[in-house]
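Trainee: In this note's numbering, the protein residues as written are 341 to 504. Note that beta-carbon positions come from the ideal geometry of N, C-alpha and C, so glycine has one too. Model, not experiment: these values are computed from the prediction. Here it is, the structure in full.
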Amino acid sequence: MKVLKWIDDHFEEALISIIICVISVLMMAQIILRSFFSASLSWSDEPCRYLFIWAAGLGISYATKNEAHLRMDILPNLFKKLEKPLIVVCDIAVIAVSVYLMGPGLDVLSQLAATGQKAASTHVPMYLVYASMWVGLALSIIRILERYIKMLLRRFLRAENKEG
């Protein structure tokens, strides 16, 4: 159970941290090889670019989980009583936009898989690169729903404790 809780709490940040470490190692190897050995890795820039794209895709979910997305808070600041309903409206809007974007994203992934397009130097299927946005949006939806499920469970348990 502790492992599942840790994964729930740290999934995105752990993956992003690993990705950033791999990018750093590849870039450092490239710098050292060029500077000291007059050689270079012909393929290192491509995985760095694609891993960065994955870090950005996972960052969508990470920011959603931590409620760290930029937002306009003029209405909640003006109308304190409307703060919670406006947050719910914003979350519904994020889910709606995510679901809307996932449809065309799935079409792109299907087309890339069907054509068999691969990266030039690493030969990674391009649908794996493009899947980062789709995964980030899906995880965002899951994180928002998870937040509300946890909130409802806390209220249910509090109500049950008061009765018993």
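Assuming Ala-395 contacts Ile-356 under a Cβ cut-off of 8 Å, what Cβ separation, rounded to an integer in Å, is found between them?
Mentor: For the purposes of this step, residue 395 is identified with residue 55 of the sequence shown, where counting begins at 1. For the purposes of this step, residue 356 is identified with residue 16 of the sequence shown, where counting begins at 1. Yes, Ala-395 and Ile-356 are in contact; Cβ-Cβ is about 5 Å, under 8 Å.
Trainee: Applying the 10 Å Cβ sphere with the 16-neighbour rule, what's the burial state of Leu-398?
Mentor: For the purposes of this step, residue 398 is taken as residue 58 along the sequence shown, with counting starting at 1. Classification for Leu-398: buried.
Trainee: Is it buried or exposed for Ile-400, if we count other Cβ within 10 angstroms and need 16 for buried?
Mentor: If you number the sequence shown from 1, residue 400 lands on position 60. Under this definition Ile-400 is a buried residue.
Trainee: Determine the extent of the alpha helix (DSSP H) in which Glu-386 is found, giving its start and end residues.
Mentor: Residue numbering aside, residue 386 sits at position 46 when the sequence shown is read from its first letter. 385-405 is the extent of the alpha helix (DSSP H) around Glu-386.
Trainee: For Pro-465, collect the residues of the same chain with a Cβ closer than 6 Å to its Cβ; drop the 5 residues on either side in sequence, then sort them by chain order.
Mentor: Counting from one through the sequence shown, the residue named residue 465 turns up at place 125. The answer, listed in chain order, is Lys-458.
Trainee: Excluding the five sequence neighbours on either side, which residues of its own chain have a C-beta within less than 7 Å of the C-beta of Gln-370, listed in chain order?
Mentor: Sequence index remark: in the sequence shown, residue 370 carries index 30 (1-based). Cβ neighbours of Gln-370 beyond the five flanking positions: Ser-380, Leu-381, Ser-384.
Trainee: For Met-368, count the other beta carbons within 10 Å of its own beta carbon; 16 or more makes it buried, fewer makes it exposed. Which is it?
Mentor: As a first step, residue 368 must be located in the sequence shown, where it is residue number 28. Under this definition Met-368 is an exposed residue.
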